[in-house]
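Notes to accompany the following structure.
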Amino acid sequence: MRFFKDLSLSAFTAGFVAVLVGFTSSVAIVFQAAQAFGANAGQIASWMWALGIGMGLASMLPSLLWRKPVMIAWSTPGAAVLAVAGAGFSMNEAVGAFMLSAALITVAGATGWFERVMNRIPMEIASALLAGVLARFGLQAFLAAQTALPLVLLMLATYLVARRLLPRYAVPLTLVVAIAFVAARGELAWSAVHFELAKPVFTLPAFTWQAAVSLALPLFVVTMASQNLPGVAAIRAAGYQMPISRLISFTGVMTLLLAPFGAFALNLSAITAAICMGREAHEDPARRYTAAVSCGAIYVLIGFFGAAVTGLLTAFPKELVAAIAGLALLGTIGSGLALAVRDESHREAALITFLVTLSGVTVAGVGSAFWGVVAGALALAIQGLGRRTRTAHHDSNSNSSKNESAGKTASP
């Protein structure tokens, strides 16, 4: 099978790091969202089963079919919205809201309107958006030194030396050294690991207008604006051409099927996608799909073992996770910034997009990724209007000068 010929240690490690970063950075928010609807232990395990199976299959199947790295994740801002707004709603109403949001996402993909919007965003703005999203992880990698200075310094030194001597294996070697270091210091929380299989629990959906307004619509908006938008930016910044509308519809359909078991929202990934689409995964872009397939396979494993694998992943110190994520994304952040400022006519708008996105500001429940694009688009529009005004004024002055010269020439 071609997949096994294309697979490499660096690609598999990129897939593992993507899972590590994706789960440990937001799994607690997913637990909080489930608990907001009164979920018991069995239902929480079912959520992990549905999300793991959904993310795994939705990443693996398109990646194997197209041999391009397709990365699907759960909606972290969506989980945050649910954790806050879920109080007072039953699990049945929540499932109904998940299905309504999924239907809206499916329509957004099937009609192609989301891809048409993305096609109008210049590459510089998209690259600045991606760099702004990822730069926060780069900052967190070094902020982790405040509480784990020896670990972060060791990881940074290992990464720099490996980049010089074995660049393809810089991230795997850094991860191995970090795990060995924290294990030797007794800092792995093995008590969080409980081996048991997760069982899917079906919840009959209930549709109410209150849940539609309070849960479904906010979930749809933040998933499209804060997840799918930077997800598309990550795909295009990496140089891959994919049928975006079909992918959006695919995530909507997968969510519809798995929503009764706890899959609240599946969407394109940005951060973990950047890990699997970058040069650290593989030097050859045509073989990076193996990183996404590896990531998907681990997600499926997590789905079956639920709480056990989640406990294993959360056993790592948070500083280790933050540092490995930031180091793995350094190359992608640098490439995004380089693309963002390459064209002087788009440079200021791109920097505004980058800074607004990096700020993490949230307005009306919508994250900074969306507002960064809005700010950059407004800057481009104003600058474009100014250029057209100056051009028109210059042309007017030129015509006046020509007319005056012609008049003087015609004078006796």
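Per my numbering, the sequence shown starts with residue 700, numbered consecutively. Note that CB positions come from ideal geometry on N, CA and C, so glycine has one too.
Residue i to residue j span [Cα, whole Å]
| i | j | result |
| --- | --- | --- |
| Glu-1018 | Gln-839 | 9 angstroms |
| Arg-766 | Gly-787 | 45 angstroms |
| Asn-739 | Ala-1021 | 30 angstroms |
| Leu-828 | Arg-945 | 22 angstroms |
| Met-953 | Arg-884 | 42 angstroms |
| Ala-962 | Trp-746 | 6 angstroms |
| Leu-833 | Phe-919 | 22 angstroms |
| Leu-955 | Ala-1037 | 39 angstroms |
| Met-854 | Ser-1044 | 39 angstroms |
| Ser-925 | Ala-1068 | 5 angstroms |
| Pro-941 | Val-780 | The sequence as given places Met at residue 941; Pro does not occur at that position. Near 29 angstroms, if we compare the C-alpha coordinates of Val-780 and Met-941. |
| Ala-772 | Gln-909 | 27 angstroms |
| Val-729 | Thr-775 | 8 angstroms |
| Pro-904 | Ile-1001 | 25 angstroms |
| Leu-865 | Gly-795 | 51 angstroms |
| Val-716 | Tyr-988 | 15 angstroms |
| Glu-792 | Met-798 | 10 angstroms |
| Ala-1063 | Phe-736 | 22 angstroms |
| Asp-1042 | Ser-725 | 36 angstroms |
| Ala-1014 | Arg-815 | 42 angstroms |
| Gly-721 | Leu-1077 | 32 angstroms |
| Thr-1052 | Leu-852 | 31 angstroms |
| Cys-975 | Ala-932 | 14 angstroms |
| Ser-826 | Ile-1032 | 9 angstroms |
| Trp-1070 | Gly-995 | 30 angstroms |
| Ala-936 | Ala-869 | 22 angstroms |
| Ala-856 | Arg-1046 | 33 angstroms |
| Ser-913 | Ala-784 | 7 angstroms |
Environment of residue i [buried if 16+ CB atoms lie within 10 Å]
| i | result |
| --- | --- |
| Met-700 | exposed |
| Ile-970 | buried |
| Lys-704 | exposed |
| Ala-991 | buried |
| Asn-927 | buried |
| Phe-901 | exposed |
| Thr-810 | exposed |
| Thr-651 | An answer regarding residue 651 cannot be provided, because it is not within the stretch 700 to 1111 covered by the chain. |
| Ile-820 | buried |
| Ala-1074 | buried |
| Phe-711 | buried |
| Leu-1079 | buried |
| Thr-846 | exposed |
| Ala-744 | buried |
| Ala-733 | buried |
| Ser-1110 | Legend: pLDDT at Ser-1110 = 47, less than 50; position of this residue unreliable, value from coordinates given subsequently. Exposed: under 16 other Cβ atoms inside 10 Å. |
| Gly-1059 | exposed |
| Val-921 | buried |
Among the options, the one whose alpha carbon lies nearest that of residue i
| i | options | result |
| --- | --- | --- |
| Ala-915 | Glu-982, Gly-951, Ile-1023 | Gly-951 |
| Ile-934 | Gln-731, Ser-762, Phe-711, Pro-849 | Ser-762 |
| Val-1040 | Val-806, Met-822, Pro-917 | Met-822 |
| Gly-938 | Pro-984, Thr-846, Pro-959 | Pro-984 |
| Phe-1003 | Trp-748, Ala-717, Ser-709 | Trp-748 |
| Leu-848 | Ala-877, Gly-831, Leu-956 | Ala-877 |
| Phe-836 | Ala-996, Ala-980, Gly-1030 | Gly-1030 |
| Leu-706 | Pro-768, Val-726, Ile-728 | Pro-768 |
| Leu-965 | Ala-744, Leu-750, Ala-710 | Leu-750 |
| Gly-714 | Leu-1079, Val-1073, Ile-1023, Gly-795 | Ile-1023 |
| Arg-862 | Val-1073, Leu-1077, Val-1060, Leu-1026 | Leu-1026 |
| Gln-731 | Ala-778, Phe-702, Val-720 | Ala-778 |
| Ser-1114 | Phe-880, Met-923, Pro-929 | Any property of residue 1114 remains undetermined from this structure, which presents the chain solely from 700 to 1111. |
| Glu-982 | Phe-1053, Arg-867, Met-817 | Arg-867 |
| Met-790 | Ala-882, Thr-907, Leu-708 | Thr-907 |
| Val-718 | Ser-968, Val-875, Leu-1077, Gln-1082 | Ser-968 |
| Gly-808 | Ala-1048, Met-976, Ile-943 | Ile-943 |
| Leu-764 | Ala-782, Leu-708, Phe-702 | Phe-702 |
| Val-875 | Gly-1035, Leu-850, Ile-997, Leu-896 | Leu-850 |
| Gln-742 | Thr-857, Leu-896, Gly-1059 | Leu-896 |
| Ala-882 | Pro-1016, Leu-842, Asn-818 | Pro-1016 |
| Ala-782 | Pro-917, Leu-887, Ala-888 | Pro-917 |
Only counting runs of 4 or more residues, tell me where the alpha helix (DSSP H) segments fall wholly within the stretch 906 to 974, in order along the chain.
916 to 922, 928 to 936, 943 to 957
Three or more C-beta pairs under 8 angstroms: does that hold for the stretch 790 to 803 against the stretch 752 to 760?
no
Tell me the start and end of each unbroken alpha helix (DSSP H) in the stretch 1018 to 1049 that is at least 4 residues and wholly inside, in chain order.
1029 to 1039
Continuous alpha helix (DSSP H) assignments of at least 4 residues falling wholly in the stretch 843 to 905:
848 to 864, 869 to 883
Unbroken beta strand (DSSP E) runs of length 3 or more, entirely within the stretch 725 to 797: which are they?
771 to 773
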